[in-house]
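Please read the structure below before turning to the comments.
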């Protein structure tokens with residue numbers, strides 16, 4: 002037995018023990034959860050590289066967040082918000098609403114700048130998430146080439162999602178700051194402004210989920226801007242509990258980095274984002290999206306499900322699980338088979354050419370008697386062929402083929418006549434939805 006090299010703890014965790022069942026094909030990922038862990042531990046270096054590319058495009062937005070955080074902190078320390086509380090110089094008689102007005106003016110600038118910064122970040126999302134989708138599909142990738150290809154193919158769809166979210170965030174933040182200002186100054190209609198603030202933040206949360214679905218749908222399917230938004234809303238509403246759970250699971254590093262400040266949770270969130278956070282979020286969300294597409298979208302559109310998973314029944318990767326009846330291409334192929342007619346070589350027995358008697362060979366100089374012998378030999382061969390066909394006509398392969406062809410002809414005839422099982426087939430009403438009604 003050849004000597005084997007003893008591996009360390011990390012190598013055994015990533016690769017597995019020698020002669021272990023981890024090398025068996027039956028232990029390949031058969032579920033989306035297993036595929037997530039398989040990619041996370043097996044492609045960790047690729048995910049870090051993808052995370053770096055996304056991080057480079059997200060630097061303008063990160064700079065705006067840091068700039069706003071510092072500006073708000075400096076304004077809070079340098080503003081004369083307590084000058085009228087007692088003897089002071091200079092004397093400011095009334096500063097009610099001053100802090101809220103400063104926050105309103107500041108956020109008008111920063112949140113408007115988030116829109117172009119989000120467009121730049123969309124470049125990284127379109128390229129990086131395209132690579133992660135290919136990893137989920139277990140396709141070979143070249144990080145640099147696929148990153149540029151993902152930008153070329155998906156940027157417009159990602160741009161639509163980014164613009165919708167950043168504009169909605171800008172409007173909601175402005176309404177929230179106005180509500181704070183109205184409440185501080187005891188202005189008329191302050192209650193309505195507070196209600197608009199609450200509704201605005203709820204709408205931002207909902208649109209965040211919709212835009213995440215828009216990115217997933219845009220990377221996986223080719224569709225127009227309105228169809229992309231409509232289908233994203235349908236997916237969000239139709240899978241709302243699961244969507245909320247997996248969105249929280251994917252976005253927790255961002256919330257920790259933004260709302261954690263400079264405390265422990267904020268530092269952990271920032272460090273995780275710098276290391277692998279963007280790739281982690283994309284992997285969690287796109288992996289969940291593939292599960293939802295396999296369940297609600299792909300079967301109704303004749304698209305193979307289970308891409309990236311190992312199929313135990315067929316023993317292959319990426320084995321399609323949709324039936325042939327659900328495949329439009331297979332139906333068209335069957336239709337062409339029927340229109341082409343029954344194959345004479347497959348539908349009935351044909352005696353092999355190397356069996357039986359040979360025809361009479363005419364000599365170079367032949368007579369009428371030789372022609373008679375040739376005719377008799379041909380008649381004998383024809384009779385022999387008929388006897389062979391009669392003897393083997395009930396063989397299983399011929400019976401099975403003729404039975405399947407008869408069923409195909411019947412199905413095609415019913416489809417053309419609009420009948421199924423002797424009854425008139427009801428016309429299907431196409432609904433502009435991707436989720437079928439249960």
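Residue numbers (this note's numbering): 2 to 439.
All C-beta atoms in this analysis are idealised placements derived from N, C-alpha and C, irrespective of residue type, glycine included.
Exercise. Quick one: is residue 68 buried, meaning 16 or more other Cβ sit within 10 Å of its Cβ, or exposed?
Worked result: Within the chain shown, residue 68 is the residue found at index 67, counting from 1. Exposed.
Exercise. Should residue 397 go down as buried or exposed, given a rule of 16 or more other Cβ atoms within 10 Å for buried?
Worked result: Looking up residue 397 in the chain shown gives position 396. Exposed: under 16 other Cβ atoms inside 10 Å.
Exercise. When you compare only the Cα positions, how much space is there between residue 196 and residue 40?
Worked result: Counted from its first residue, the chain shown places residue 196 at position 195. Counted from its first residue, the chain shown places residue 40 at position 39. Rounded to whole angstroms, residue 196 to residue 40 spans 45 Å at the Cα level.
Problem set entry | Classification of residue 227 by the beta-carbon crowding that lies within 10 angstroms, buried from 16 upward | One-based indexing of the chain shown puts residue 227 at position 226. Flag for residue 227 reads exposed.
Exercise. Can you tell me the Cα-Cα spacing of residue 383 and residue 370, whole angstroms?
Worked result: For the purposes of this step, residue 383 is identified with residue 382 of the chain shown, where counting begins at 1. For the purposes of this step, residue 370 is identified with residue 369 of the chain shown, where counting begins at 1. Rounded to whole angstroms, the separation of the alpha carbons of residue 370 and residue 383 is 20 Å.
For this session: Would you decide whether residue 42 is buried or exposed? Buried here means 16 or more other CB atoms lie within 10 Å of its CB.
Result: Translated into positions along the chain shown, residue 42 becomes position 41. With fewer than 16 other Cβ atoms within 10 Å, it is exposed.
For this session: Take the Cβ of residue 366 as the centre, count every other Cβ of all protein chains shown within 10 Å, and call the residue buried at 16 or more, exposed below.
Result: Here residue 366 corresponds to residue number 365 of the chain shown, with the count starting at 1. Classification for residue 366: exposed.
For this session: With a 10 Å radius around its C-beta and 16 neighbouring C-beta atoms as the bar for buried, classify residue 176 as buried or exposed.
Result: Within the chain shown, residue 176 is the residue found at index 175, counting from 1. Burial call: buried.
Exercise. For the 8 Å Cβ check, are there 3 or more pairs between the stretch 269-278 and the stretch 289-296?
Worked result: no
Problem set entry | Rounded separation between residue 409 and residue 401 - CA only | Taking the chain shown and counting its residues from 1, one reaches residue 409 at position 408. Taking the chain shown and counting its residues from 1, one reaches residue 401 at position 400. Distance between the alpha carbons of residue 409 and residue 401 is about 12 Å.
Exercise. Which residues bound the alpha helix (DSSP H) around residue 147?
Worked result: Here residue 147 corresponds to residue number 146 of the chain shown, with the count starting at 1. Run containing residue 147: 144-185, per the alpha helix (DSSP H) assignment.
For this session: Buried or exposed for residue 242, please, with buried defined as at least 16 other CB atoms from any protein chain shown within 10 angstroms of its CB.
Result: Residue 242 sits at position 241 when you count from the first residue of the chain shown. With fewer than 16 Cβ atoms within 10 Å of its Cβ, residue 242 is classed as exposed.
Exercise. Do residue 364 and residue 375 have their C-beta atoms within less than 8 Å of each other?
Worked result: Along the chain shown, read from residue 1 onward, the residue named residue 364 stands at position 363. Along the chain shown, read from residue 1 onward, the residue named residue 375 stands at position 374. Not a contact, by the Cβ cut-off of 8 Å.
Problem set entry | Host alpha helix (DSSP H) of residue 396 (start-end) | Here residue 396 refers to the residue found at position 395 when the chain shown is read from its first residue. Looking at the DSSP string, residue 396 is not in any alpha helix (DSSP H), and its letter there is neither H nor E.
For this session: Mind listing, in chain order, the continuous beta strand (DSSP E) runs of no fewer than 3 residues lying wholly within the stretch 258-301?
Result: none
For this session: Classify residue 48 as buried or exposed, calling it buried when 16 or more other Cβ atoms lie within 10 Å of its own Cβ.
Result: What you label residue 48 is simply residue 47 of the chain shown in a count that begins at 1. Residue 48 is buried by the Cβ-count criterion.
Problem set entry | contact_flag[the stretch 151-159, the stretch 122-135] where n(CB pairs < 8 Å) is 3 or more | yes
Exercise. Going straight from the alpha carbon of residue 139 to that of residue 202, what length do you get?
Worked result: On the chain shown, position 138 is the one that residue 139 refers to. On the chain shown, position 201 is the one that residue 202 refers to. Between residue 139 and residue 202, the C-alpha separation is close to 38 Å.
For this session: Answer with buried or exposed for residue 263, where buried requires no fewer than 16 other C-beta atoms within 10 angstroms of its C-beta.
Result: Taking the first residue of the chain shown as position 1, residue 263 is located at position 262. The residue is exposed, with fewer than 16 neighbouring Cβ atoms inside 10 Å.
For this session: Go ahead and pull the three-state DSSP assignment for residue 414.
Result: Start at 1 with the first residue of the chain shown, and residue 414 comes out as number 413. DSSP places residue 414 in helix when its eight states are reduced to three.
Exercise. Is DSSP giving residue 372 helix, strand or coil here?
Worked result: Within the chain shown, numbered from 1, the residue matching residue 372 stands at position 371. In this structure, residue 372 counts as helix in the three-state DSSP scheme.
Problem set entry | Cβ pair residue 50, residue 144 closer than 8 Å | Translated into positions along the chain shown, residue 50 becomes position 49. Translated into positions along the chain shown, residue 144 becomes position 143. Yes, the Cβ-Cβ distance between residue 50 and residue 144 is below 8 Å.
Problem set entry | Length of the line joining the Cα atoms of residue 194 and residue 204 | As a position in the chain shown, residue 194 is number 193, starting the count at 1. As a position in the chain shown, residue 204 is number 203, starting the count at 1. Roughly 15 Å between the two C-alpha positions.
For this session: Return yes when the Cβ of residue 216 is within less than 8 Å of the Cβ of residue 162, no when it is not.
Result: Counting from 1 along the chain shown, the entry for residue 162 is found at position 161. Counting from 1 along the chain shown, the entry for residue 216 is found at position 215. Cβ atoms of residue 162 and residue 216: closer than 8 Å.
For this session: Take residue 104 and list the residues in its own chain whose beta-carbon comes closer than 6 Å to its own, dropping the five residues that flank it on each side.
Result: By one-based count along the chain shown, residue 104 stands at place 103. Around residue 104: 178.
For this session: Ignore the nearest five residues each way along the sequence and tell me which others in residue 167's own chain have a CB closer than 7 Å to its CB.
Result: To locate residue 167, count along the chain shown from 1; it is residue 166. 115, 116 and 119.
For this session: Helix, strand or coil for residue 203, going by three-state DSSP, please let me know.
Result: What you label residue 203 is simply residue 202 of the chain shown in a count that begins at 1. The answer is helix: DSSP assigns residue 203 an H, G or I state.
Exercise. Which of the three DSSP states, helix, strand or coil, is assigned to residue 364?
Worked result: Within the chain shown, numbered from 1, the residue matching residue 364 stands at position 363. DSSP places residue 364 in coil when its eight states are reduced to three.
Exercise. Is the distance from the Cβ of residue 214 to the Cβ of residue 233 below 8 Å?
Worked result: Numbered from its first residue, the chain shown carries residue 214 at position 213. Numbered from its first residue, the chain shown carries residue 233 at position 232. For residue 214 and residue 233, yes; Cβs fall inside 8 Å.
For this session: With DSSP collapsed to three states, give me the class of residue 327.
Result: Here residue 327 refers to the residue found at position 326 of the chain shown. Here residue 327 scores only 43 on pLDDT, less than 50, and its place in the model should not be relied on; the value that follows carries that caveat. Residue state, collapsed to three classes: helix.
For this session: In angstroms with no decimal places, state the Cα-to-Cα distance between residue 387 and residue 368.
Result: Within the chain shown, residue 387 is the residue found at index 386, counting from 1. Within the chain shown, residue 368 is the residue found at index 367, counting from 1. One C-alpha to the other measures close to 29 Å.
Exercise. Can you tell me the Cα-Cα spacing of residue 208 and residue 403, whole angstroms?
Worked result: For the purposes of this step, residue 208 is taken as the residue at position 207 of the chain shown. For the purposes of this step, residue 403 is taken as the residue at position 402 of the chain shown. The alpha-carbon atoms of residue 208 and residue 403 are separated by roughly 57 Å.
Exercise. Beta carbon of residue 270, beta carbon of residue 258: below 8 Å?
Worked result: Translated into positions along the chain shown, residue 270 becomes position 269. Translated into positions along the chain shown, residue 258 becomes position 257. Yes, the Cβ-Cβ distance between residue 270 and residue 258 is below 8 Å.
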